[in-house]
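First to last, the protein sequences are chains S and L.
Numbering-wise (numbering that gives the first Met the number 0), the first sequence opens with residue 0 and increments by one.
Numbering-wise (numbering that gives the first Met the number 0), the second sequence opens with residue 0 and increments by one.
No residue lacks a Cβ here, since even glycine has one placed at the ideal position from N, Cα and C.
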Amino acid sequence: MPGPRSIVCIKQVPKAQELQVDPVTNTLKRVGVPSEINPPDRNAIEMALQIRDKHDGEVFVVTMGPPVFTFSLDEALAMGCDRAFLLTDRLLGGSDTVPTAYALSETIHKIGGYQLIFCGEETTDASTGHVGPGIAGHLDCAQITYCSAVQYLGSRVRGKRSVEDGYETWECPLPCVVTANFLSNKPRPPTLTGKIRVKRGGLTTTWSCADVGIDPDKVGIRNSPTIVAKVDTVVLPDRKAKIFRGEPRAAVAQLLDAMVADGVFPA
Amino acid sequence: MTLPKDKSEYRGVWVFLEARKGALREVSRQLLGEARRLADIRRSDVSGVLPGWNVEPLAREATEYGADRVYLVEDRRLETYTSRPFAKVVATLIGKHKPEIVLFGATKNGRDLGGRLHAMIETGLAADCVKLEIDDEGNLDMVRPSFGGKSLAHILCKQHRPQMASARPNVFRVLPRQPGRQGQVIRETVALTDADVDATIVTFEERTGQLARKIEDARVVVSGGLGMRDPKNFALLEALADELGGAVGASRKAVDAGWVPKDYQVGQTGKTVRPKLYIAVGISGAVQHLAGMQESEKILVVNQDHKAPIFEIADYGVVGDLFQVIPELARQLRERKAIRGGRAAAA
């Protein structure tokens, strides 16, 4: 029996330490800022590749964004993904999670023949975690979120899902959206052979909204339910730290005296 | 996009009530309090929506925490949370009763549900709100941390209804329970069939021991960062946390290094905590970490580097070698406790 076709949805995000806000548009600066594959999406890629290691099949990677996102697709291909798809169109600019989940689900539908869809649990730039389950909602298929391990069972999939008080093991029919926990596995690095494959080209398909059949009246900033009305800079309260240093025993004694005086600890 | 013909048809503030092991989650009670406040501003009312099985007492309880009514949907298929049937139930009830606002706890299940639902009914959902207000036009102003906690974004959902938002546990405060407070419990029927159930939960492993200590509920959190140097040194933090009845947390760097599990992580991609006392040990204070702990009541920093940015948000700081300071702190706390105990015995 042939293995499953997995489609991994990834996003390119600014590197965590590089998050900068554009003071004019109140949106994240994406141009001229070092970026990377959203870290949890790497865990999603690894999950899909591990299934292919074991069962054969294919791993496709999809992203939606400007042409610079090719950088992340190339890296995913160099890690071992078989093919890549870039959905890029000015019409998509400013999409919030509703049009994003819609556009990705249409793209997945166009690719077709899939059994598993993987996403990272959330992105480090927007941190909503809404797109993965949103894709499942649009495709009207099963979903297992916050997975730390996944097992492909032929006609079903089993996922170990972390919840607040433990781990649930869910079993779902296919197709199914699985969102991978950040740090749930050790993503393999890109290989030299992988990089050579990328260099030879021909692995990435670029589509516009029209190519996929995406309704222009359902995407972009104009058709996004939410807007960012304004952004406030966080002003941290000046807590005026009382600092203690020197010989540890004396420093700790002074610290505790101060904390008792402030009512943090009982006298 | 399908827009409501008339926004004014949408009235009332809803809370998705999450039942877990026969009890309402604390975050659901907290959201009822916030919903009460918003409904009073909008001159509307608060409804809970409770899908489950044998959960009627929880519906009654919700009315004592501020709900004017609870829509109760009981079906054996809703005994434990799974995505599809819960999403179907909530989507159906939203379509039928048209609430203006729907609030979810930003728990794993709350996010799983909200994410699926907002795509199904095509409306806005703002995750992890830290503040909710009503603006001059009567829209819900959903304030959430953005860009690694450096700023707060005001999200509006002007044209679509309902306006949906999630909030993490402990962001809002629970109202005192009012025993006997009257509210309606309305049984709703949503036609579910076995075809609506696609996920089976085959096993559940409960977390026990140190892992079961939830940093998000702890009064004291002792967190370690890269300065801990080695996973075994977290034992020092555990000893201090035990002394204070607290729980151990970690920075993302310590989690990335594989020293402690991801559940320990405090910060933007981890947990948000607001304990009485937060002790940051060997943590330099990346903005992503600060985003998860800066609202702690008191912050104590122990770090060798007096220039570490985390000192800027500290109430107390000890500049020194944590491997000396932390055991000394645990020792003196124990000593002081013994002295207090002795005084109490003498009195």
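### Query
Does the separation of the CB atoms of valine 45 of chain L and alanine 66 of chain L fall below 7 Å?
Contact flag set, yes.
### Task
Return the CA-CA distance between histidine 54 of chain S and glycine 257 of chain L, expressed in angstroms with no decimal places.
29 Å
### Task
From the DSSP output, read off the bridge partner residues of isoleucine 44 of chain S.
In DSSP, isoleucine 44 of chain S forms no bridge with anything.
### Task
Leaving aside the five residues before and after alanine 100 of chain S along the sequence, list all residues of the same chain whose C-beta is less than 6 Å from its C-beta, in chain order.
Val130, Gly133, Ile134, His137
### Query
At a Cβ cut of 8 Å, what residues of the region 85-110 of chain L count as close to chain S, listed as they run along the chain?
Sequence-ordered contacts of the region 85-110 of chain L with chain S read Ala86, Thr106, Lys107, Asn108, Arg110 [C-beta pairs closer than 8 Å].
### Query
For glycine 153 of chain S versus tryptophan 169 of chain S, is the C-beta spacing smaller than 7 Å?
no
### Task
Alpha carbon to alpha carbon, how far is glutamate 121 of chain L from valine 184 of chain L? Give it in angstroms, no decimals.
The alpha-carbon atoms of valine 184 of chain L and glutamate 121 of chain L are separated by roughly 28 Å.
### Query
Is methionine 119 of chain L close to chain S, meaning its C-beta is less than 7 Å from at least one C-beta of that chain?
yes
### Message
Between L:Arg28, L:Pro260, L:Val69, L:Tyr9, which has its C-alpha nearest glycine 180 of chain S's C-alpha?
### Response
The residue you asked about is not glycine; residue 180 of chain S is asparagine in the sequence shown. Per the Cα distances, L:Pro260.
#### Entry: Beta-ladder partner(s) of valine 301 of chain L, from DSSP
L:Val280, L:Val317
### Task
Give the range of the beta strand (DSSP E) segment to which arginine 4 of chain S is assigned.
4-9
### Task
Report yes or no: do the region 28-46 of chain L and the region 190-200 of chain L share at least 3 C-beta pairs separated by less than 8 Å?
no
### Message
Please report the straight-line C-alpha distance between glycine 193 of chain S and leucine 182 of chain S, rounded to a whole angstrom.
### Response
Their Cα atoms are separated by approximately 23 Å.
### Query
In the structure shown, what three-state DSSP assignment does histidine 153 of chain L receive?
strand
### Query
According to DSSP, is glycine 137 of chain L helix, strand or coil?
Here glycine 137 of chain L carries a coil assignment [DSSP, helix/strand/coil].
### Task
Would you list the residues sitting across from glutamate 204 of chain L in a DSSP beta bridge?
S:Tyr166
### Query
Can you check whether the CB of glycine 123 of chain L is closer than 7 Å to the CB of cysteine 156 of chain L?
yes
### Endpoints, the alpha helix (DSSP H) within which valine 173 of chain L is located
Taken as a continuous stretch (DSSP letters only), valine 173 of chain L belongs to no alpha helix (DSSP H), as it is neither H nor E.
### Message
Can you pull the chain S neighbours of leucine 313 of chain L, defined as C-beta to C-beta under 7 Å?
### Response
Here residue 313 of chain L turns out to be alanine, not leucine, going by the sequence shown. The answer, in chain order, is Arg238, Ala240.
### Message
Going residue by residue through the region 45-106 of chain S, where are the continuous beta strand (DSSP E) segments of at least 3 residues, counting only ones entirely within it?
### Response
57-63, 82-86
### Contact set between glutamate 136 of chain L and chain S, taken where Cβ atoms lie within less than 7 Å
Within chain S, no residue comes near glutamate 136 of chain L; the closest Cβ sits about 11 Å away, beyond 7 Å.
### Query
Looking at arginine 115 of chain L and serine 150 of chain L, is the spacing between their C-beta atoms short of 7 Å?
no
### Query
Span of the alpha helix (DSSP H) holding serine 154 of chain S?
Counting along the chain, serine 154 of chain S falls outside any alpha helix (DSSP H), and DSSP gives it neither H nor E.
### Task
Work out the CA separation of leucine 30 of chain L and arginine 330 of chain L for me, nearest whole Å.
40 Å
### Query
Closest by CA to phenylalanine 15 of chain L, which one among L:Ala90, L:Asp74, L:Arg76?
Phenylalanine 15 of chain L has its Cα closest to that of L:Ala90, out of L:Ala90, L:Asp74, L:Arg76.
### Which of helix, strand or coil DSSP assigns to phenylalanine 15 of chain L
Residue state, collapsed to three classes: strand.
### Message
Could you compute how far the alpha carbon of valine 156 of chain S sits from the alpha carbon of aspartate 261 of chain S?
### Response
55 Å
### Message
I'd like the span of the alpha helix (DSSP H) that includes cysteine 208 of chain S, first residue to last.
### Response
208-211
### Query
Which two residues bound the contiguous alpha helix (DSSP H) that contains proline 132 of chain S?
130-138
### Task
Select from the region 327-345 of chain L all residues with a C-beta closer than 8 Å to any C-beta belonging to chain S, and list them in chain order.
Glu327, Leu328, Gln331, Leu332, Arg335, Arg339
### Query
Is the beta carbon of valine 254 of chain L less than 7 Å from the beta carbon of methionine 163 of chain L?
No; because the gap between Cβ atoms is not below 7 Å, this pair is not in contact.
### Task
Establish whether the CB of lysine 10 of chain S and some CB of chain L are separated by less than 7 Å.
no
### Query
So, using beta-carbon positions, are serine 295 of chain L and proline 274 of chain L closer together than 7 Å?
Against a cut-off of 7 Å, the Cβ pair of proline 274 of chain L and serine 295 of chain L comes out as a contact.
### Query
Taking valine 7 of chain S as the reference, which of S:Trp206, S:Gln150, S:Ile116 has the closest Cα?
S:Ile116
#### Entry: Within 9 Å of chain S by C-beta, residues of the region 148-159 of chain L in sequence order
Gly148, Lys149, Ser150, Leu151, Ala152, His153, Ile154, Leu155, Cys156, Lys157, Gln158, His159
#### Entry: Proximal chain S residues relative to serine 254 of chain L, where beta-carbon distance stays under 7 Å
Reading off the sequence shown, one finds valine at residue 254 of chain L, where the question assumed serine. Within chain S, the residues near valine 254 of chain L are Leu182.
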